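Encoded structure:
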């Protein structure tokens, strides 16, 4: 169990970092999505791994339960990263249509004078 | 009886923004009125909060009336109150400038995004919970994405994409840091973290240090410190100028978060984390100053020049923050107030200059209308930014220098700040003389791009000039009334170094709730 979760986080993060370092916007978006999956699994594990445990105490003194707070944190993180990915896709599309290229890096600085201000 | 005023800087823009976005989406006049009225009310509320915080009591607001370690709290002390006030004053100036120059009409939803931006910044300054800090970071970031690409355009969209990607990577790192922190201490309330860390198992020290380092990297990304500063020049130089002026406060959110987390949660004296600011932040700040100064000297266009001067001022600010002594933090607070306003004044002024100049390259152009007035304002803003008397930049840098007298610090910090200031002065002097003095006869044939647009002879209206002049007047006021401002900063610092007082105020609510 621990091995599966730990290697899932590791592999997702490694893949995400590799993709984020690409120069085209589509791989970068996929990479950020992978990173956010990795961090979600990681946050989930931060409350310790427990199987078939209730998330709240049934009675006081019954000690086996799983920590509910990381589940709430993961939910928040999922919602935020989902929204952020949507915004990122829209901005990447906008940049692609404006610039007609999906390369992430900027052009060389324009020669002095012909930069349009607006 | 809890004071409900604390939540209003978050609540009011949160309610106003959707109304502006949905109800007034086709009516720019209504949106402008609502946005300005809302921001004026926010300034008034922030003033009230500052007055009430000046009494010295740390006020705590339990959201949903859940007592402290279980629910989220907002905490108002002198530091957060003065920063909220700074945000709202800056917001009002930027908003009036954007309306007067018509920037808000160049794209959709400027005012709604602007209110969300104010909400996120105010929330980040007020919250007493690290996960809630993450949420407010996301609120201010998602609004800033929209504002950054406001108006569109090829370069701006591409710079905006880079800005979004770097900040999303930063957010992921933030969540990893929070996960590590939660797994080692089991709480996310800043005061509760401090308590748990005091009795933490020494075996956990490694994990705690990892969490603290990750948080430091996240905040350094926000504060644009070396080696994660690279997003700032492209972003600020390509954002609409009023938006760049508002972004001047966003780098300070990173600085604030470092101060807060390292005075409360990872307080001084905690074995695992106490050397992090000195070991990592201090050298990074020195290199940041050098990079900012070189960038100012090397910039060939106006907005990148100002953006690099912001990088340099963040370096100066972070040197003072890294020292983490009460005297240095008070100096940092004064310099923070000053550098935010100075950077904003420069960006607003650059917008006015560029509105009547052909391109932003620092090369000779035909003289523009009202050169004298604009040159005088540029001169004022530039001496504020570079730190020469009589404006508050001089006092700010003097206070920072005065606070850094430790043997290990003095050589590096003094030479970095003094040499950096000199180089920045040279850079600004060159830019100013290029723009305002070295003019070509009209219809200069020297440039490659044949611009058809002739500089309009229209005079600047009072509304266009007022925000810039008001900010410069505040800077002058900070210089004249440096005594009261500094004594407030010292009181604020004494309050944030009073960890036990903070913890008692936040966690002592349990009995009442």
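Residue numbers (my numbering), protein chains in the order written: chain A, 903 to 1020; chain L, 3 to 515. All residues carry an ideal CB built from backbone N, CA and C; glycine is no exception. These figures come from a predicted structure and were not determined experimentally.
**OP:** Could you run through the stretch 294-316 of chain L and flag, in chain order, every residue whose CB is less than 8 Å away from some CB of chain A?
**Re:** 302, 303
**OP:** Output yes or no for whether 8 Å exceeds the beta carbon distance between residue 466 of chain L and residue 102 of chain L.
**Re:** Position 464 of the second chain, counted from the start, is the residue given in the question as residue 466 of chain L. Position 100 of the second chain, counted from the start, is the residue given in the question as residue 102 of chain L. Closer than 8 Å, so yes.
Original post:
Should residue 314 of chain L and residue 344 of chain L be called a contact, given that it needs their Cβ atoms to be closer than 8 Å?
Top reply: As a working note, residue 314 of chain L is residue 312 in the second chain. As a working note, residue 344 of chain L is residue 342 in the second chain. Contact flag unset, no.
Original post:
Going straight from the alpha carbon of residue 155 of chain L to that of residue 114 of chain L, what length do you get?
Top reply: Counting from one through the second chain, the residue named residue 155 of chain L turns up at place 153. Counting from one through the second chain, the residue named residue 114 of chain L turns up at place 112. Linking residue 155 of chain L to residue 114 of chain L through their CA atoms gives a straight-line distance of about 21 Å.
**OP:** Could you round the C-beta distance between residue 461 of chain L and residue 371 of chain L to whole angstroms and report it? I think they count as a contact, below 8 Å.
**Re:** As a position in the second chain, residue 461 of chain L is number 459, starting the count at 1. As a position in the second chain, residue 371 of chain L is number 369, starting the count at 1. About 7 Å separates the two Cβ atoms, so the contact holds.
Original post:
What residue ranges within the stretch 244-330 of chain L form continuous alpha helix (DSSP H) runs of no fewer than 4 residues, ordered along the chain?
Top reply: 252-262, 284-300, 304-325
Original post:
For residue 133 of chain L, which residues in chain A fall below 8 Å Cβ to Cβ?
Top reply: In the second chain, the residue the question calls residue 133 of chain L occupies position 131. Those within 8 Å of residue 133 of chain L in chain A are 975, 978.
**OP:** Would you verify that the beta carbon of residue 984 of chain A is, or is not, closer than 8 Å to some beta carbon of chain L?
**Re:** For the purposes of this step, residue 984 of chain A is taken as residue 82 along the first chain, with counting starting at 1. Closer than 8 Å: no.
**OP:** Please compile the residues from chain A whose C-beta is within a distance smaller than 8 Å of the C-beta of residue 151 of chain L.
**Re:** Walking along the second chain from the start, residue 151 of chain L turns up at place 149. Ordered by position in chain A, the residues that pass the 8 Å Cβ test against residue 151 of chain L are 993, 996.
Original post:
Just checking my contact of residue 138 of chain L with residue 122 of chain L at CB under 8 Å: how many whole Å lie between their CB atoms?
Top reply: For the purposes of this step, residue 138 of chain L is taken as residue 136 along the second chain, with counting starting at 1. For the purposes of this step, residue 122 of chain L is taken as residue 120 along the second chain, with counting starting at 1. With a Cβ gap of about 5 Å, residue 138 of chain L and residue 122 of chain L count as contacting.
**OP:** Compare the Cα-Cα distances from residue 220 of chain L to each of L:190, L:206, L:178 and report the closest residue.
**Re:** Within the second chain, the letter at position 218 stands for residue 220 of chain L. Residue L:178 is the option with its Cα nearest to residue 220 of chain L.
**OP:** Kindly indicate which three-state DSSP category residue 69 of chain L falls into: helix, strand or coil?
**Re:** Your numbering for residue 69 of chain L matches position 67 in the second chain. Three-state DSSP puts residue 69 of chain L in coil, outside helix and strand.
**OP:** Would you list, in sequence order, the uninterrupted alpha helix (DSSP H) runs of no fewer than 4 residues that lie entirely inside the stretch 112-141 of chain L?
**Re:** 112-128
Original post:
Counting along the chain, where does the alpha helix (DSSP H) carrying residue 1004 of chain A start and finish?
Top reply: Working through the first chain from its first residue, we reach residue 1004 of chain A at position 102. First-last for residue 1004 of chain A: undefined, no H or E at that position.
**OP:** List the residues of chain A whose Cβ lies closer than 8 Å to the Cβ of residue 159 of chain L, in chain order.
**Re:** Start at 1 with the first residue of the second chain, and residue 159 of chain L comes out as number 157. Near residue 159 of chain L (Cβ distances below 8 Å), the residues of chain A are 993, 996, 997, 1000, 1001.
Original post:
residue 59 of chain L: beta carbon under 7 Å from a heavy atom of the ligand FMN?
Top reply: Among the components modelled here there is no ligand, and therefore nothing to report on the ligand FMN.
Original post:
Terminal residues of the continuous beta strand (DSSP E) containing residue 411 of chain L?
Top reply: Here residue 411 of chain L corresponds to residue number 409 of the second chain, with the count starting at 1. Where residue 411 of chain L is concerned, there is no enclosing beta strand (DSSP E), although the alpha helix (DSSP H) it sits in stretches over 409-434.
Subject >> Contact set between the stretch 160-174 of chain L and chain A, restricted to residues whose Cβ is under 8 Å from the partner >> reply: Considering only beta carbons, the part of the stretch 160-174 of chain L lying closer than 8 Å to chain A consists of 160, 161, 162, 163, 164, 166, 167, 170, 171, 173, 174, in chain order.
Original post:
By Cβ distance, which residues of its chain are closer than 7 Å to residue 969 of chain A, with the 5 residues on each side in sequence left out?
Top reply: Taking the first chain and counting its residues from 1, the one referred to as residue 969 of chain A is at position 67. The answer, listed in chain order, is 949, 950.
**OP:** Enumerate, from N- to C-terminal direction, the unbroken beta strand (DSSP E) stretches of 3 or more residues contained entirely within the stretch 27-53 of chain L.
**Re:** none
Original post:
Quick one: is residue 941 of chain A near chain L, going by C-beta distance under 8 Å?
Top reply: Reading the first chain from its first residue, position 39 is the one you call residue 941 of chain A. So yes, residue 941 of chain A belongs to the interface.
Original post:
Going straight from the alpha carbon of residue 474 of chain L to that of residue 915 of chain A, what length do you get?
Top reply: Sequence index remark: in the second chain, residue 474 of chain L carries index 472 (1-based). Sequence index remark: in the first chain, residue 915 of chain A carries index 13 (1-based). So the two alpha carbons sit approximately 47 Å from each other.
**OP:** Please classify residue 362 of chain L: does DSSP put it in a helix, a strand, or coil?
**Re:** For the purposes of this step, residue 362 of chain L is taken as the residue at position 360 of the second chain. Of the three classes helix, strand and coil, the one that applies to residue 362 of chain L here is coil, per DSSP.
Subject >> Buried/exposed call for residue 999 of chain A, threshold 16 Cβ in 10 Å >> reply: Here residue 999 of chain A is taken as the residue at index 97 of the first chain, counted from 1. Looking at its Cβ environment, which holds fewer than 16 other Cβ atoms inside 10 Å, residue 999 of chain A is exposed.
Original post:
Taking C-alpha atoms, which residue in L:271, L:263, L:287 lies nearest to residue 201 of chain L?
Top reply: Taking the first residue of the second chain as 1, we reach residue 201 of chain L at position 199. Among L:271, L:263, L:287, the Cα nearest to that of residue 201 of chain L belongs to L:271.
**OP:** Could you check the C-alpha separation between residue 348 of chain L and residue 235 of chain L for me, to the nearest Å?
**Re:** By 1-based counting over the second chain, the position of residue 348 of chain L is 346. By 1-based counting over the second chain, the position of residue 235 of chain L is 233. So the alpha carbons of these two residues sit roughly 14 Å apart.
Original post:
Does any residue of chain A bring its CB to less than 8 Å from the CB of residue 433 of chain L?
Top reply: Walking along the second chain from the start, residue 433 of chain L turns up at place 431. With 8 Å as the cut-off, residue 433 of chain L does not count as an interface residue toward chain A.
Original post:
From the beta carbon of residue 1008 of chain A, is the nearest beta carbon of chain L less than 8 Å away?
Top reply: Walking along the first chain from the start, residue 1008 of chain A turns up at place 106. Yes, because at least one Cβ of chain L sits closer than 8 Å to the Cβ of residue 1008 of chain A.
Original post:
Which residues mark the beginning and the end of the alpha helix (DSSP H) in which residue 64 of chain L is found?
Top reply: Here residue 64 of chain L refers to the residue found at position 62 of the second chain. From DSSP, residue 64 of chain L is part of no alpha helix (DSSP H) but of the beta strand (DSSP E) over 61-64.
Subject >> Collapsed DSSP secondary structure at residue 229 of chain L in the structure displayed >> reply: For the purposes of this step, residue 229 of chain L is taken as the residue at position 227 of the second chain. Three-state DSSP puts residue 229 of chain L in coil, outside helix and strand.
**OP:** Please name the residue in L:354, L:501, L:479, L:256 whose C-alpha comes closest to that of residue 463 of chain L.
**Re:** Numbered from 1 along the second chain, position 461 holds the residue referred to as residue 463 of chain L. The candidate whose alpha carbon is nearest that of residue 463 of chain L is L:354.
Original post:
Any Cβ of chain L within less than 8 Å of the Cβ of residue 972 of chain A?
Top reply: Locating residue 972 of chain A in the first chain gives position 70, counting from the first residue. With 8 Å as the cut-off, residue 972 of chain A counts as an interface residue toward chain L.
**OP:** Check each residue of the stretch 907-938 of chain A: if its Cβ is closer than 7 Å to any Cβ of chain L, include it; give the result in chain order.
**Re:** 922, 927, 930, 934, 937, 938
Original post:
Smallest Cα separation from residue 384 of chain L: which of L:274, L:435, L:415, L:245?
Top reply: Here residue 384 of chain L is taken as the residue at index 382 of the second chain, counted from 1. Checking every option, the nearest Cα to that of residue 384 of chain L belongs to L:435.
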